[in-house]
Amino acid sequence: MAYTFQPVWNTSCPGMKDVKVVSYWDTVKPKFKGKTIVSNIPVSTSYTLTTLGMQESGFDIFGFWKKLKKTEPIVEARTEPKMQMLIACERGMDMWNMAGRVFQNIKKKPALAKVLRVGSFKEGQVMLGNQAAVPKGAPHPNAGKLFLEFLLSKEGADIMVGGEAIYTFKEGYVAPEHVRPYLLDLSKTKLLGFKDWVGAAKKVKGIRKKWKNQFK
29 MAYTFQPVWN
39 TSCPGMKDVK
49 VVSYWDTVKP
59 KFKGKTIVSN
69 IPVSTSYTLT
79 TLGMQESGFD
89 IFGFWKKLKK
99 TEPIVEARTE
109 PKMQMLIACE
119 RGMDMWNMAG
129 RVFQNIKKKP
139 ALAKVLRVGS
149 FKEGQVMLGN
159 QAAVPKGAPH
169 PNAGKLFLEF
179 LLSKEGADIM
189 VGGEAIYTFK
199 EGYVAPEHVR
209 PYLLDLSKTK
219 LLGFKDWVGA
229 AKKVKGIRKK
239 WKNQFK
C-alpha cells in the first residue's frame, strides 16, 4: 500500500471559493497570506522524503519555501489535525495532506463534500510505500503470513483501499467505485522516486536543518 501528499483546501473559507491547485506554486500566492499550513518536516520521515524527492526531481524547493514563508503559515505535523484546521477554517489551504483524510471526513460528515477539494501537483507526486512483515520471533508467524497474503489479495486490497483511499500497485487492480473519485489516475500522474535511497537517507539531516533555518 502507498500514499502521496496532495494539496487540500476548503472552498467555504474566506478567500478560497474559486481556488484551483495544479502546481506547487499555486499554493503560495500572496492571496493566501494567513491561510496556509506548512508541514513540520523535521518530525516526519514521510515529509522529509517527499521534500528530498521533489529536490531530486529538480524542483526549486528553497525558492518555494521562501514564498511559502511569506504566506505566514502555521506549522503542523499530523495530517488529521491539519484537516481539522481546514474544516474549521482556521486555515484554508494545506499543501500536503492526503485524499484519504478527505474521504474519511466526508464519510463522517457528507456535507463536507461540497467544500473540501483535493488537487495534485504537475511537478510530480512522490509516492510513499508502506512496508509490512512478520517479525522474527512472532508468537504466531503462520497467522501473520496468512494475514499478509490476504492483504495482497484483491479482497484484502479492496478493504484497505476502499476504507482508507490509499494506493496499491497490485497489477490490474481496480479500486472500489465509491473511493475512485479520491484516487489519482496513476497512468496520468507524474510519479517521483529516488534513484539512490541510500544517498537520499544521507541528506535527511541537512534538509531538516535548512527547513528549521527557514521556518523556525
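Residues 29 to 244 (our numbering) are what the sequence shown spells out, left to right. Quick reminder that beta carbons are idealized off the backbone N, C-alpha and C, glycines included. Bear in mind that the values here come from a model prediction, so they are computed numbers and not experimental data.
| message | Taking only three categories from DSSP, how would you classify Thr64? | response | What you label residue 64 is simply residue 36 of the sequence shown in a count that begins at 1. Thr64: strand per DSSP, three-state reduction.
| query | Within 10 angstroms of its Cβ, does Val154 collect 16 or more other Cβ (buried), or is it exposed? | reply | Within the sequence shown, numbered from 1, the residue matching residue 154 stands at position 126. Val154 is buried by the Cβ-count criterion.
| field | Segment limits, beta strand (DSSP E) that includes Asp122 | value | As a position in the sequence shown, residue 122 is number 94, starting the count at 1. Element bounds for Asp122: 121-125.
| query | Assuming Arg145 and Thr39 make a contact with CB atoms under 8 Å, what is their CB distance in whole Å? | reply | By one-based count along the sequence shown, residue 145 stands at place 117. By one-based count along the sequence shown, residue 39 stands at place 11. Confirmed, Cβ separation roughly 6 Å.
| field | Counterpart residues of Trp37 in DSSP-defined beta bridges | value | Here residue 37 is taken as the residue at index 9 of the sequence shown, counted from 1. Met121, Arg145.
| How big is the Cα-Cα spacing for Leu180 and Lys216? | Taking the first residue of the sequence shown as position 1, residue 180 is located at position 152. Taking the first residue of the sequence shown as position 1, residue 216 is located at position 188. Their backbone Cα atoms lie some 24 Å apart in a straight line.
| request: Report yes if the CB atom of Thr107 is closer than 7 Å to the CB atom of Met126, and no otherwise. | output: Here residue 107 is taken as the residue at index 79 of the sequence shown, counted from 1. Here residue 126 is taken as the residue at index 98 of the sequence shown, counted from 1. The answer is yes: Cβ separation under 7 Å.
| message | Suppose you measure from the CA of Tyr149 to the CA of Glu84; what does that come to, to the nearest Å? | response | Looking up residue 149 in the sequence shown gives position 121. Looking up residue 84 in the sequence shown gives position 56. Here the sequence assigns Phe to residue 149, which means Tyr is not the residue at that position. Going by the C-alpha atoms only, they are around 15 Å apart.
| Exposure of Trp239, with buried meaning 16 or more beta-carbon neighbours within 10 Å | Position 211 of the sequence shown, counted from the start, is the residue given in the question as residue 239. Its Cβ being crowded by 16 or more others within 10 Å, Trp239 is buried.
| message | Along the chain, where does the alpha helix (DSSP H) containing Ile69 start, and where does it finish? | response | Taking the first residue of the sequence shown as position 1, residue 69 is located at position 41. Here Ile69 belongs to no alpha helix (DSSP H), and DSSP marks it neither H nor E.
| Beta carbon of Thr196, beta carbon of Val207: below 7 Å? | Reading the sequence shown from its first residue, position 168 is the one you call residue 196. Reading the sequence shown from its first residue, position 179 is the one you call residue 207. No, the Cβ-Cβ distance between Thr196 and Val207 is not below 7 Å.
| query | Does the segment 59-74 come close enough to the segment 132-144 to have 3 or more Cβ pairs within less than 8 Å? | reply | no
| Own chain, CB closer than 6 Å to Gly81, minus 5 neighbours either side, in chain order | Taking the sequence shown and counting its residues from 1, one reaches residue 81 at position 53. Excluding sequence neighbours, Gly81 sits near Val154, Leu220.
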